[in-house]
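Engineer:
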Amino acid sequence: MRDALGLPQSVLVLGGTSEIGVATAVALASRRARTVVLGVRDPSRAEAAAGAIRAAGATTVEAVPFDADDPDSHECFVEEVFARHGDIDLVVIAFGVLGDSDRSAAEGAAAGVVRTNFLGAVSATVPVVRRLRDQGHGTIVVLSSVAGERVRRSNFVYGSSKAGLDGFAQGLGDSLRGTGVDVMVVRPGFVKTKMTAGLDPAPLSTTAEDVAGAILGGLARGAHTVWVPRALRLVMSALRHLPRPLFRRLDI
Ligand SMILES: NC(=O)c1ccc[n+]([C@@H]2O[C@H](COP(=O)([O-])OP(=O)(O)OC[C@H]3O[C@@H](n4cnc5c(N)ncnc54)[C@H](OP(=O)(O)O)[C@@H]3O)[C@@H](O)[C@H]2O)c1
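Going by the numbering used here, the sequence shown opens with residue -18, and the numbers climb by one from there.
Given below as C-alpha cells:
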C-alpha cells in the first residue's frame, strides 16, 4: 500500500534497465519501496540496476524477462509477477526506443518504433490495469514525452508513438476514476540518458534523477500529469497552438 506521502512499497518497472526507470526505482527504494521487480529483455544485463536499487534500501529486487515487442506474452508475464509478489502498488511503463525518424520512415523501421512505444505499452498496461483493479488500488506511471504534445518533423515517428501513448494513458486514467487505480502521465523534455547519447542537449534538458524526483513529487501530490521540467508545460502550450505554417518554419 502507498504511505501517507503517496509513495509505494512494491514497484514493477517495465523497461527495468531504462535509466529513468532505474533512477525512479532507486529514489523509491530510498524512501519506502521494499520490493522492486524489473521487467527486462535480458535479466543478465540488469545486475547493476538491481544492485543500485538494493543499495538504496529495497530488500527484494528481481529481474524477470519482459519484451514489449511480444504482446502475446504480456498477460502471462503480469499474472506471474502478481502471483509471485502479491500486491504491486506502482507500475512504471519505462521502456521505449527513440529511432531515427528520417531513416525509420525511409527504411521502413517506423512501425518498429510504434510497435514498442505504443502497441507494446498498451498491450502491457491492459493486464496490469485488470490486476490493479482486482486488488483495489495502485498507480501506473506512463513515461510519455513532450515529443507527443506537438509532433515535430525532426522526430515524428517517435513523437507520434508518444502522442498515441499519451492519449491512451489520459483516457485510461479518466476511465479509472473511482476505482482506486490512478494513472500519472510523465512528459519529460530532453533527458541525458543512453537514449539521447550523442545528441546535442536541447534547452531545458534534465537528468534521469531529475525525472525521478519529479515522479516522486507527482506521486506525493496525486498528480495526473507531470512535466519535467515544469517550465516545458508553458513552452509546449505555446508550440501546440502555433499555426502550422509558422510551426513548419521553426528549426526544431
Ligand atoms: N531520454 C529522454 O530524453 C526521454 C525524454 C522523454 C521521454 N523519455 C521516455 O522515457 C522512457 C525511459 O527512457 P530513458 O531515457 O530511460 O531511456 P533508456 O535508458 O534508453 O531506456 C529505454 C529502455 O527501454 C528498453 N526497451 C527497449 N525496447 C524494449 C522492448 N522491446 N522490451 C523491453 N524493453 C525495451 C531498453 O532495454 P534494453 O536494455 O533491453 O535495451 C532500455 O532499457 C522511455 O519511454 C522514453 O521514451 C525519454
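Note that CB positions come from ideal geometry on N, CA and C, so glycine has one too.
(1) Short check: CB of residue 23 to CB of residue 96, under 8 Å?
(2) Between the C-alpha atoms of residue 42 and residue 209, what's the straight-line distance to the nearest angstrom?
(3) Hey, is residue 217 close to ligand 1, as in C-beta under 7 Å from one of its heavy atoms?
(4) Comparing the CB of residue 161 with every heavy atom of ligand 1, is any distance shorter than 7 Å?
(5) Based on DSSP bridge pairs, tell me the residues matched to residue 46.
(6) With a threshold of 8 Å between beta-carbons, can residue 134 be considered close to chain B, or not?
(7) With distance defined between alpha-carbon atoms, name the residue in 142, 5, -5 and 205 nearest to residue 79.
(8) Of all the options 110, 104, 197 and 3, which has the alpha carbon lying nearest to the alpha carbon of residue 175?
(9) Are the stretch 58 to 68 and the stretch 190 to 201 touching, with three or more C-beta to C-beta distances below 8 Å?
(10) When burial is assigned at 16 or more other CB atoms within 10 Å of the CB, is residue 203 buried or exposed?
(11) For a test of your reading of the model: does the CB of residue 1 fall under 7 Å from any non-hydrogen atom of ligand 1? Yes or no.
(12) For ligand 1, is there a heavy atom less than 7 Å away from the beta-carbon of residue 237?
(13) If we ignore side chains and look at the alpha-carbon of each, how far apart do residue 38 and residue 58 end up?
(14) Evaluate residue 26 with the Cβ neighbour count: other Cβ atoms within 10 Å of its Cβ, from every protein chain shown; 16 or more gives buried, anything less gives exposed.
(15) For a quick check, are the C-beta atoms of residue 147 and residue 119 less than 8 Å apart?
(16) My parser needs the beta strand (DSSP E) runs of 3 or more residues fully inside the stretch 81 to 142; what are they?
(17) For residue 9, which of 124, -6, 192 and -12 has the nearest alpha-carbon?
(18) Could you tell me the distance, in whole angstroms, from the CA atom of residue 1 to the CA atom of residue 224?
(19) For the alpha helix (DSSP H) that contains residue 217, what are its first and last residues?
(20) Looking only at its own chain, which residues have a Cβ that is under 6 Å from the Cβ of residue 103, when we skip the five neighbours before and after it?
(21) Taking 7 Å as the cut-off, is the CB of residue 124 close to at least one heavy atom of ligand 2?
(22) Between which two residues does the alpha helix (DSSP H) carrying residue 26 extend?
(23) Report the rounded CA-to-CA distance for residue 29 versus residue 72, giving the unit in angstroms.
Structural biologist: Concretely, from the data shown:
(1) no
(2) 27 Å
(3) no
(4) no
(5) 21
(6) Checking the listed chains, one finds no chain B in this structure; it contains a single protein chain.
(7) 142
(8) 3
(9) no
(10) exposed
(11) yes
(12) Absent from the model: residue 237. The displayed extent of the chain is -18 to 233, so no value can be given.
(13) 25 Å
(14) exposed
(15) no
(16) 119 to 124
(17) -12
(18) 33 Å
(19) 213 to 221
(20) 149
(21) For the structure depicted, ligand 2 is absent and the ligand set comprises only ligand 1.
(22) No alpha helix (DSSP H) contains residue 26, which DSSP labels as neither H nor E.
(23) 20 Å
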